[in-house]
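Okay, so the sequence shown: first residue is 1 according to the numbering used here, each after it adds one. Every residue, glycine too, gets a C-beta built ideally from N, C-alpha and C. Read the structure below first, then the notes.
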Amino acid sequence: MTAVPLPIRSRDNPSLVLVRRALRDPGAYRRDGSLLWLEGDHLLSACLARGRSLQQVLVTESAWARPELRSLAEQAQRVLLLPDALFKELSTLESPASIGALIERPPDTPLCADLPTVLLDRLQDAGNVGSILRSAAALGIGQVVALKGTAALWSPKVLRAGMGAHFALQLHEGLVLDDLQSLTLPWVATSSHASALLHRCHLPRPCAWIFGHEGQGVAPALMARCALTLRIAQPGGEESLNVAAAAAICLHESVRQSGFQ
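Spelled out as structure tokens, the structure:
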């Protein structure tokens, strides 16, 4: 049955309060299981394409008049119809979207021992985290593990940077080293101090790539767990690469060595 839109005029509507809280406190869902906020039709479409449900869609009056956005909104269990100005107050984008959704966080699942994996060690920047998730999804990674101290994977900023990659990955967050005992894949990391060059080494397949804090790198205890530590060739002489760029290079090299055509 198609949801009948419910007109909303009050800024104090409980659903709008949830959205503002998600924007103000990106990690709130990790503490209390509150709904996640997706902004923009691309994220909503990516969610639906992977068989996920939209609990509530918030859509502007002008967007409701557009057939493609109306059709998207009608796939939700509940539709809230907002004046354009009221929706704009919920957005942190320079060019606000006209549709968004509140969804439930996917349930936790056990780590898969032999699935190609990315480990994130205390990455702070939401843009970096989202970009790595996007590269991981594009380059055949099955799961991403965010260790304790990493930016909240399902925060609005990480979701926007991930561009829908979240829904193609098994995601785990808030883990510590002891939680990774079941991950039997060889771990691989990069370091500017390593002697072996990435493009000259035979990479284990599958493996778990680990990428560390933007300033401090991978923690020593985690680095000690690695079977390989490699250096990305930088003939231009820069001191280091952005972690998201380094991740894309490493994951692509794994794909290249796999013989993918």
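Roughly how many whole angstroms lie between the Cα atoms of residue i and residue j?
i, j, result
"Y348", "A224", "The first residue shown for the chain is 1 and the last is 261, placing residue 348 beyond what the model contains."
"A208", "A138", "16 Å"
"S131", "A161", "6 Å"
"L228", "P186", "8 Å"
"H199", "I232", "8 Å"
"R205", "T117", "11 Å"
"V176", "C201", "29 Å"
"S53", "A73", "12 Å"
"A85", "R21", "19 Å"
"R11", "A126", "27 Å"
"L90", "L230", "44 Å"
"L197", "G215", "21 Å"
"G51", "E239", "43 Å"
"L267", "L38", "No answer is possible for residue 267: it lies beyond the span of the chain, which begins at 1 and ends at 261."
"L120", "G259", "26 Å"
"H166", "L16", "23 Å"
"A113", "R66", "46 Å"
"I99", "G164", "15 Å"
"D179", "R9", "46 Å"
"G33", "P14", "16 Å"
"R262", "P220", "Here the chain has residues from 1 to 261 only, and residue 262 is not among them."
"G140", "P235", "28 Å"
"T339", "C226", "The question about residue 339 has no answer, for the chain in this structure spans 1 to 261."
"V158", "P83", "27 Å"
"R31", "A248", "31 Å"
Sorted by chain position, which residues of the same chain lie with C-beta nearer than 6 Å to residue i's C-beta, five sequence neighbours on each side aside?
i, result
"L153", "A146, L171, E173"
"L115", "G142, Q143"
"K148", "G174, V176"
"L241", "none"
Let me know if residue i comes out buried or exposed under the rule of 16 or more other beta-carbons within 10 Å of its beta-carbon.
i, result
"P26", "buried"
"E68", "exposed"
"R122", "buried"
"T150", "buried"
"V4", "exposed"
"S192", "exposed"
"G237", "exposed"
"G217", "buried"
For residue i and residue j, which I take to be in contact (beta-carbon distance under 8 Å), what is that distance rounded to the nearest angstrom?
i, j, result
"Q143", "A101", "Contact doesn't hold; Cβ gap of about 24 Å is too wide."
"I210", "A194", "I210 to A194, Cβ: 13 Å. No contact."
"H42", "Q124", "So it is not a contact: roughly 25 Å between Cβ atoms."
"P7", "L58", "About 12 Å separates the two Cβ atoms, so there is no contact after all."
Would a C-beta distance cut-off of 7 Å place residue i and residue j closer than the cut-off?
i, j, result
"L251", "S62", "no"
"A244", "N128", "yes"
"S182", "L111", "yes"
"G40", "A76", "no"
"G48", "P156", "Before going further, note that residue 48 is Leu rather than Gly in the sequence given. Against a cut-off of 7 Å, the Cβ pair of P156 and L48 comes out as no contact."
"T109", "F87", "no"
Leaving aside the five residues before and after residue i along the sequence, list all residues of the same chain whose C-beta is less than 7 Å from its C-beta, in chain order.
i, result
"L35", "L18, Q55, L102, I103, E104"
"L222", "D121, L177, I210"
"A168", "R50, A137"
Spatial neighbours of residue i within its chain, please: C-beta separation below 8 Å, excluding the five flanking residues on both sides.
i, result
"W64", "P5, R70, A73, L81"
"P106", "R52, L171"
"L203", "V188, L228, E253, S254, Q257"
"L44", "L38, L54, V57, L72, I99, G100, A101"
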